[in-house]
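Peer 1: Would you mind keeping the following structure in view while I ask a few things?
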Amino acid sequence: MSADEIKKELASILRAVRTRIEIEKGFGIDTITVSRPNKLNIQRSSNLLAEKQSMKTPDIDGRKRQTEGTNKRSSKDATKPLSDQTSVTEKGERVQMLETLRNEMLTCHKCSLGKTRTNLVFGVGNPRATLMFVGEAPGRDEDLQGEPFVGRAGQLLTKIIEAIGLKRNDVYIANVLKCRPPGNRAPLSEEIVLCMPYLLKQIEIIQPKVLCALGTFAAQTLLGTKAPVGTLRGRFHDYKGIPIIIAVQIS
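So, in structure tokens, the structure goes:
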């Protein structure tokens, strides 16, 4: 697939995912239920969102603005609402947990990649992200900068994220492997087995609403399957109760 085709397909999938999240959030649903695999129907999701927006239901945002207007604070230093305090505290806790995990990985030499890497490529983004991307392994640019998806593939991923109305720092991005395989070769099975617990811990800390696996190794690792990525695309799968969608590797 060409870069334009990859961008178009992934952006369409992610728009459908975001629409579904918005619909269920609007009705007070905090989690997405994964049923039997169904083909994504982007038009249906868009129609549902339009219908929801036109329904004469209580305006949650309106009530919030009215409350804020009634209880207007006299200065910017006024105490934040309890819900905001909780969010800030929770975010801080997740940042600390991720930092602790990262520090643990800095001394990891379970496989030879720990000796050949330039930098650890841990992960980047919002620790409370709704959407989390999982790639395969760092490349040359990522190894030099210590951040996933910063080269040409990263530029494409950023454009895709922006195409669905989000910013790169709204999501979380990580890889199955945290160190670059020499020569950008494919990850070895033993490397995946040794590094996988770190990825699973990242997911546990971030608690995303949706996962997006980019490429064969990411998809097969998270789903525990050897099925070709082409047979997995176009529908939701399940990872420990988290909906996961599959896309081709961005390169």
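Numbering (this note's numbering), first residue to last: 6 to 256. From the three backbone atoms N, C-alpha and C, an ideal C-beta is built for every residue, glycine too. In this text, all values refer to a predicted model and were calculated from it rather than measured experimentally.
(1) Find the nearest neighbour of residue 174 within the set 250, 131, 245, 97, judged by alpha-carbon distance.
(2) Around the C-beta of residue 232, are 16 or more other C-beta atoms found within 10 angstroms, so that it is buried, or is it exposed?
(3) Which stretch, first to last residue, makes up the beta strand (DSSP E) that contains residue 139?
(4) Are residue 183 and residue 139 closer than 8 Å when you measure CB to CB?
(5) Can you find the residues in the same chain that come closer than 6 Å, C-beta to C-beta, to residue 228, ignoring five residues on each side of it along the sequence?
(6) For residue 130, write down the residues that DSSP places opposite it in a beta bridge.
(7) Could you give the first and the last residue of the continuous alpha helix (DSSP H) run that contains residue 205?
(8) Per DSSP, which residues does residue 248 bridge with? Please list them.
(9) Below 8 Å between beta carbons: does that hold for residue 141 and residue 187?
(10) Below 8 Å CB to CB, which residues in the same chain sit around residue 96 once its five sequence neighbours on both sides are set aside?
(11) If you drop the 5 nearest sequence neighbours on each side, which residues of the same chain put their C-beta closer than 6 Å to that of residue 237?
(12) Could you spell out the range, first to last residue, of the alpha helix (DSSP H) harbouring residue 228?
(13) Measuring CA to CA, which of 234, 215, 216, 212 is closest to residue 222?
(14) Leaving out five residues on either side along the sequence, give the residues of the same chain with a beta carbon under 6 Å from the beta carbon of residue 2.
Peer 2: The structure says:
(1) 131
(2) exposed
(3) 136-140
(4) no
(5) 242
(6) 177
(7) 194-211
(8) 243
(9) no
(10) 132, 133
(11) 224, 251
(12) 221-228
(13) 234
(14) Nothing can be reported for residue 2: it is not among the residues displayed for the chain, which extend from 6 to 256.
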